[in-house]
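First residue of the sequence shown? That's -3 in this note's numbering, and the numbers climb one at a time after it.
Heads up: the structure comes next, in structure tokens.
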Amino acid sequence: MKKMGFIIFIFTWFIEAGAQASISDVIKNNEKKEMQSIDATVFIFTYRLMREVEKVFQPIIASPQQAMRSLCGFPVTHSRQLIYAYAVFYDDIILQDIMAFNKSLNIYHRTIVGPLTAQILQHLQNHRKLMEKARILDLSVDVVEALLMDESFKMDILLSKVGKEVSSSVFDTFHEGDMEKLNQVSANIKNGLKKNCVPHPSIEKSF
């Protein structure tokens, strides 16, 4: 009888241990899926935000003097370098927005950069370096446009590689409401440039 009781105890222990292991596996699996969804969602947010910024900056970079005159109402010296410098500054703003968005999606309010997000953030860093180089060397519009086109093409290649993975993981509840910053990009960039509406601005100043 004691032997039977011992066997039942061992059998029950194995079942409970197995159940606990199963629950633990489920939790870990759910956490993994959650992180994948956050990563994919932040990737999409970053990609679309960068594309919107690119769309706004393209005509400004293409005609810097005309763009600044239109915004300010009078000619602004060093318009080209001023715009390059502001593009660098705005990349830093974008990064802050991305990290804040990432943190808001995490149940523990932690910022964890996943593999997809890390890849597209590398493109943001490359863009910042490119614009900083353009500012320091005062590169011509043609050269900068060619470099930006090349970087944009690389982003498209990245999207084509990870598109399937992203679409299968992105949050179902991720709608346009989560992309409100897209609607603010144009006004934010133009208002930021307007703050430098002086005839002879310092291109070394902090925005």
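Don't be surprised by glycine CBs; every beta carbon is placed ideally from N, CA and C.
Being a predicted model, the structure only gives us computed values, none of them experimental.
For the alpha helix (DSSP H) that contains HIS119, what are its first and last residues?
111 to 133
Endpoints, alpha helix (DSSP H) assigned at LYS177
176 to 190
Collapsed DSSP secondary structure at GLY69 in the structure displayed
coil
Cβ separation of MET31 and GLY110, assumed to be a contact under 8 Å, to the nearest whole Å:
6 Å
For GLU161, the nearest candidate out of LYS28, GLU27 and SER33 (CA to CA)
SER33
Can you tell me whether DSSP reads ILE19 as helix, strand or coil?
Its pLDDT being 49, under 50, ILE19 is placed unreliably in this model, and the coordinates cannot settle the point.
Under the three-state reduction of DSSP, which class applies to CYS193: helix, strand or coil?
coil
ILE40 in three-state terms, based on DSSP
helix
Cα-Cα separation between ASN184 and THR73, rounded to whole angstroms
22 Å
According to DSSP, is TYR104 part of a helix, a strand, or is it coil?
coil
Under 7 Å Cβ to Cβ from LYS186, same chain only, skipping five residues before and after it: list those, please.
LEU67
Using a threshold of 8 Å, state whether the C-beta atoms of GLU206 and SER148 are closer than that.
Since the displayed the chain opens at -3 and closes at 203, residue 206 lies outside it and no answer follows.
Count the other CB atoms, across all protein chains shown, that sit within 10 Å of the CB of GLY173; report buried if there are 16 or more and exposed otherwise.
Interpretation of GLY173 is limited by its pLDDT of 48, a score under 50 that renders its predicted location unreliable; no figure is taken from the coordinates.
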